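First up is the structure itself, then whatever we jot down about it.
Number of protein chains: 2
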Amino acid sequence: MCSAIDTGRIDALDRIVTHVQFRPGQTVFDEGDLAPYVYNISRGHVRLFKLLQDGRRQITGFLNPGDFLGLAARKTYAYSAEAISDADLCRFKVTELEELLTEMPPVRERLYEMANDELAAAQEQMLCLGRKTAKERVASFLIGQLRHAADCGAGDAAFDLAMSRSDIADYLGLTIETVSRTFTALREEGLIGLPTTHRVSIPDVAALEFATEG
Amino acid sequence: MCSAIDTGRIDALDRIVTHVQFRPGQTVFDEGDLAPYVYNISRGHVRLFKLLQDGRRQITGFLNPGDFLGLAARKTYAYSAEAISDADLCRFKVTELEELLTEMPPVRERLYEMANDELAAAQEQMLCLGRKTAKERVASFLIGQLRHAADCGAGDAAFDLAMSRSDIADYLGLTIETVSRTFTALREEGLIGLPTTHRVSIPDVAALEFATEG
DNA sequence: CGTTCAATTGAGTCTGTTCAACAGCGGTGG
DNA sequence: CCACCGCTGTTGAACAGACTCAATTGAACG
Numbered sequence: 015m016c017s018a019i020d021t022g023r024i025d026a027l028d029r030i031v032t033h034v035q036f037r038p039g040q041t042v043f044d045e046g047d048l049a050p051y052v053y054n055i056s057r058g059h060v061r062l063f064k065l066l067q068d069g070r071r072q073i074t075g076f077l078n079p080g081d082f083l084g085l086a087a088r089k090t091y092a093y094s095a096e097a098i099s100d101a102d103l104c105r106f107k108v109t110e111l112e113e114l115l116t117e118m119p120p121v122r123e124r125l126y127e128m129a130n131d132e133l134a135a136a137q138e139q140m141l142c143l144g145r146k147t148a149k150e151r152v153a154s155f156l157i158g159q160l161r162h163a164a165d166c167g168a169g170d171a172a173f174d175l176a177m178s179r180s181d182i183a184d185y186l187g188l189t190i191e192t193v194s195r196t197f198t199a200l201r202e203e204g205l206i207g208l209p210t211t212h213r214v215s216i217p218d219v220a221a222l223e224f225a226t227e228g
Numbered sequence: 015m016c017s018a019i020d021t022g023r024i025d026a027l028d029r030i031v032t033h034v035q036f037r038p039g040q041t042v043f044d045e046g047d048l049a050p051y052v053y054n055i056s057r058g059h060v061r062l063f064k065l066l067q068d069g070r071r072q073i074t075g076f077l078n079p080g081d082f083l084g085l086a087a088r089k090t091y092a093y094s095a096e097a098i099s100d101a102d103l104c105r106f107k108v109t110e111l112e113e114l115l116t117e118m119p120p121v122r123e124r125l126y127e128m129a130n131d132e133l134a135a136a137q138e139q140m141l142c143l144g145r146k147t148a149k150e151r152v153a154s155f156l157i158g159q160l161r162h163a164a165d166c167g168a169g170d171a172a173f174d175l176a177m178s179r180s181d182i183a184d185y186l187g188l189t190i191e192t193v194s195r196t197f198t199a200l201r202e203e204g205l206i207g208l209p210t211t212h213r214v215s216i217p218d219v220a221a222l223e224f225a226t227e228g
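Line by line, the protein sequences give chains A and B.
Under my numbering, think of the first position of the first sequence as 15, with each following residue one higher.
Under my numbering, think of the first position of the second sequence as 15, with each following residue one higher.
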């Protein structure tokens, strides 16, 4: 429950946590909102994104169970967050969490590491968005999803996508059509299998990795 | 000197610091190198970037005097760093810096904030790379440079670019030619002035800001 | 004053977009 | 049970923005 806060102190956390639920597409918070809360995902998936005035959207990341949400926020959130699927989140008041944190310097250090990991991921994504072709972007995305599925213990090189083609497009800086075409191109080349629209199998991981270039 | 470490303890820092100099184009460190050092820039500018196998480059950021370099590193650097101009850097051994840090929790907190600021910048850049047009990207870049120049006290809406067109292109996910063409287009529209190739004036900041969209 | 490298400009090409039609699938209600 | 609807995803054809390749201009430096 509220997995991932390393050791002990679960009791202290229990006292300040609120459980909140979201339906697919529901907003957790919007960019620019005051940021009184931090969340941890116990079930479901969340997308983080930024919008331009005219509605163009860039998804900056997808969150999975165990991930934190809103940690980076200073006074206001720097991005919007929506549930992709049905999701259960644990909500903490930042102020109360801060109190606990000052008692636990190692946790603070852990948060710092997490921020750095996120930063490294963001830089990798910049490389993807700025310099990779559509095919390379989709391949990179799929390898990333595979890695995540592997961490979660899925042995076989196959996994389900929690997000729609539209989400993938907005994550990779492409259009839905290009993502769809690239999926079928990869399938026709034998680099991936698509048992259903939201399930992907990867017969030869090394081959797909090669298609990501860098 | 080694500006920007908030308060006191300059003496302690002095004991563990080494001053290193770099010529334009010189490598500070490469992606994947072991990361024993953290740097602070006392003079000059540095570019951070990642490469693909075939040489395609994505610049993830430019650093200015006062900025830190290599903080985010875990065991190895996640990106390469090169001096753009002549640069003086203060070098610290991570291990020694860590010792000081444990004595100074507020500094650690400050580092965390800095990482979060970097993360927010990275997300803004993702929006730029994934969803903005060439013109919008260049406009965003120029506004960013202007903001930085303004922070440094330049009152007028004009500033010098520390980096080449090639660096700008690799930062914005464009080619040199497109950057150049976009500069002239913005000039012909009266949105910017170009007294010299490396100097930009912005007669109407709001107008240029409008050209950045989002 | 010539060399060299960076930046600009031009012409043609291509990758990915746009616009549009169609297929698949789940849900709903007659 | 199945026709209808709405939504997501796929496919096709034409278009456009940025790229590639090439030539020219400009600026810095010896």
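Glycine residues also receive a C-beta, built at the ideal position from the N, C-alpha and C atoms.
Just so we're clear, the structure is a prediction, and the values are computed from it rather than from any experiment.
Assign residue i to buried or exposed, taking buried as 16 or more other Cβ atoms, counted over all protein chains shown, within 10 Å of its Cβ.
{"i": "Glu117 (chain A)", "result": "exposed"}
{"i": "Asp81 (chain A)", "result": "buried"}
{"i": "His212 (chain A)", "result": "exposed"}
{"i": "Glu227 (chain B)", "result": "buried"}
{"i": "Ser17 (chain A)", "result": "For Ser17 (chain A), the predicted model reports a pLDDT of 46, less than 50, meaning its position is unreliable and no value from the coordinates is stated."}
{"i": "His33 (chain A)", "result": "exposed"}
{"i": "Thr147 (chain A)", "result": "exposed"}
Just the C-alpha distance for residue i and residue j, rounded to the nearest angstrom, thanks.
{"i": "Asp176 (chain A)", "j": "Gly207 (chain A)", "result": "It is Ala, not Asp, that sits at residue 176 (chain A) in the sequence shown. Each residue's alpha carbon lies about 17 angstroms from the other."}
{"i": "Thr196 (chain A)", "j": "Gly204 (chain A)", "result": "12 angstroms"}
{"i": "Met15 (chain B)", "j": "Leu103 (chain B)", "result": "The pLDDT assigned to Met15 (chain B) is 41, lower than 50, so where the model puts this residue is not dependable; a value taken from the coordinates is nonetheless given after this. Cα-Cα distance, rounded: 10 angstroms."}
{"i": "Phe106 (chain B)", "j": "Met128 (chain A)", "result": "23 angstroms"}
{"i": "Glu191 (chain A)", "j": "Arg151 (chain A)", "result": "14 angstroms"}
{"i": "Glu138 (chain A)", "j": "Tyr91 (chain B)", "result": "13 angstroms"}
{"i": "Ser215 (chain B)", "j": "Ile216 (chain A)", "result": "52 angstroms"}
{"i": "Glu123 (chain B)", "j": "Ser194 (chain B)", "result": "41 angstroms"}
{"i": "Asp131 (chain A)", "j": "Ser178 (chain B)", "result": "30 angstroms"}
{"i": "Glu202 (chain A)", "j": "Gly84 (chain A)", "result": "40 angstroms"}
{"i": "Leu114 (chain B)", "j": "Pro120 (chain B)", "result": "11 angstroms"}
{"i": "Asp28 (chain A)", "j": "Pro79 (chain A)", "result": "18 angstroms"}
{"i": "Val108 (chain A)", "j": "Tyr126 (chain B)", "result": "15 angstroms"}
{"i": "Leu133 (chain B)", "j": "Leu62 (chain A)", "result": "13 angstroms"}
{"i": "Asp20 (chain B)", "j": "Ala87 (chain B)", "result": "Legend: pLDDT at Asp20 (chain B) = 49, less than 50; position of this residue unreliable, value from coordinates given subsequently. Answer to the nearest angstrom: the Cα atoms are 21 angstroms apart."}
{"i": "Tyr93 (chain B)", "j": "Ala199 (chain B)", "result": "33 angstroms"}
{"i": "His162 (chain A)", "j": "Leu66 (chain B)", "result": "22 angstroms"}
Could you name the residues of chain A that residue i contacts, counting a contact when the two beta carbons are closer than 8 angstroms?
{"i": "Leu66 (chain B)", "result": "Leu141, Arg145, Lys146, Glu227, Gly228"}
Helix, strand or coil for residue i, going by three-state DSSP, please let me know.
{"i": "Ser180 (chain B)", "result": "helix"}
{"i": "Leu85 (chain A)", "result": "coil"}
{"i": "Thr196 (chain B)", "result": "helix"}
{"i": "Gln72 (chain A)", "result": "strand"}
{"i": "Gly46 (chain A)", "result": "coil"}
{"i": "His212 (chain A)", "result": "coil"}
{"i": "Arg37 (chain A)", "result": "coil"}
{"i": "Lys146 (chain A)", "result": "coil"}
Name, please, each residue of chain B whose Cβ falls closer than 7 angstroms to the Cβ of residue i.
{"i": "Gln137 (chain A)", "result": "Lys64, Thr74, Ala92, Tyr93, Ala136"}
{"i": "Gly187 (chain A)", "result": "Leu143, Gly144, Arg145"}
List, in order along the chain, the chain A residues whose C-beta lies closer than 7 angstroms to that of residue i?
{"i": "Leu133 (chain B)", "result": "Ala86, Ala129, Glu132, Leu133, Ala136"}
{"i": "Leu125 (chain B)", "result": "Tyr126"}
Starting from the beta carbon of residue i, find every residue of chain B whose beta carbon is closer than 9 angstroms, and list them in chain order.
{"i": "Arg61 (chain A)", "result": "The contacting residues do not exist; Arg61 (chain A) stays about 13 angstroms from chain B at best."}
At a CB-CB cut-off below 8 angstroms, which residues of chain B make contact with residue i?
{"i": "Arg179 (chain A)", "result": "Result: empty, since nearest Cβ-Cβ is about 16 angstroms, beyond 8 angstroms."}
Please list, in chain order, the chain A residues whose beta carbon lies closer than 9 angstroms to that of residue i.
{"i": "Arg122 (chain B)", "result": "Pro119, Arg122, Glu123, Tyr126"}
Discussion item. Within 8 angstroms, do at least three Cβ pairs link the region 31 to 47 of chain B to the region 69 to 81 of chain B?
Written reply: no
Worksheet item: Can you find at least 3 beta carbon pairs, one from the region 220 to 228 of chain A and one from the region 153 to 160 of chain A, that sit closer than 8 angstroms?
Response: yes
Practice prompt. Give a yes or no on contact between the region 93 to 100 of chain B and the region 30 to 38 of chain B, applying the rule of three or more CB pairs nearer than 8 angstroms.
Written response: yes
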